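As structure tokens, the structure follows; a few thoughts come after it.
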Amino acid sequence: MTDSQLWQIADEIKDNAYSPYSNIKVGAALLTSDGNVFTGVNVENSSFGATICAERSAVVSAVSGGFRDFVKIAISGTMKSCTPCGICRQFLMEFSPDITVVYKEPDGTLVSKKLNELLPDSFIY
Ligand code: THU
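Take the position in the sequence shown, starting the count at 1, then add 4; the result is the number in the numbering used here.
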């Protein structure tokens, strides 16, 4: 699965986002070490703090399905920068510190970075 293919899946699923408050739609596609792909979207709530991001939706879906070893996650969204928020970086770190994160820069360039680059010196329990 190429970065571009995984990003395409994230881009398509983002239409399922439930975001009546921010109007921002985000989709995530998470590739497991055995080649499965789990998707997620942001799901907002009138109690704003209860909102869940697309990345965490995808991780929750994968873990619920019995998968915890992730190699790559792609994110597509209608906001300018599609890098995972701080909570999502920490959430991904829990399962796969070596995961690659794929997203588009504001100019449309597809980039991939290691989670360790995005969350250096992370908290370890
Ligand atoms: N959002 C995500 O889905 N992922 C992120 O990494 C950042 C933010 C969503 C949450 C909320 O529904 C909307 O974007 C605005 O913050």
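The beta-carbon is built from N, C-alpha and C at its ideal position, and this holds for glycine as well. These figures come from a predicted structure and were not determined experimentally.
By how many angstroms is the C-alpha of residue j removed from the C-alpha of residue i?
i, j, result
"isoleucine 28", "threonine 82", "6 Å"
"glutamate 98", "arginine 72", "9 Å"
"tyrosine 25", "glutamine 94", "24 Å"
"glycine 31", "isoleucine 17", "5 Å"
"serine 23", "asparagine 120", "29 Å"
"asparagine 46", "isoleucine 56", "6 Å"
"glycine 90", "leucine 96", "10 Å"
Please tell me whether, using a cut-off of 8 Å, the distance from the CB of residue i to the nearest non-hydrogen atom of ligand 1 is below it.
i, result
"isoleucine 77", "no"
"methionine 83", "yes"
"proline 88", "yes"
"isoleucine 28", "yes"
"glutamate 48", "yes"
"threonine 113", "no"
"alanine 4", "Look at the range of the chain in this structure, 5 to 129, and you will see that residue 4 is not part of it."
"threonine 104", "no"
"threonine 55", "yes"
Can you tell which of the options has the C-alpha that lies nearest to the C-alpha of residue i?
i, options, result
"alanine 21", "Val41, Gly39, Asn49 and Asp38", "Asn49"
"threonine 87", "Phe95, Gln94, Tyr107 and Gly69", "Tyr107"
"glycine 69", "Leu35, Gln12, Leu122 and Gly112", "Leu35"
"isoleucine 13", "Asp38, Ala62, Phe52 and Val47", "Ala62"
"serine 100", "Ser116, Lys76, Ile91 and Lys117", "Lys76"
"serine 65", "Thr6, Val115, Asn40 and Lys118", "Asn40"
"valine 105", "Ile79, Thr113 and Phe127", "Ile79"
"leucine 123", "Glu109, Gly112, Thr113 and Cys92", "Cys92"
From the DSSP output, which residues share a beta bridge with residue i?
i, result
"serine 116", "Val106"
Ligand 3 heavy atoms versus the CB of residue i: any closer than 8 Å?
i, result
"alanine 21", "Ligand 3 is not part of this structure, which contains only ligand 1."
Let me know the alpha helix (DSSP H) ranges lying completely inside the region 9-70, each 4 residues or longer, listed in chain order. 58-68
Entirely within the region 74-104 and at least 4 residues each: give me those alpha helix (DSSP H) ranges in chain order. You should have 90-97.
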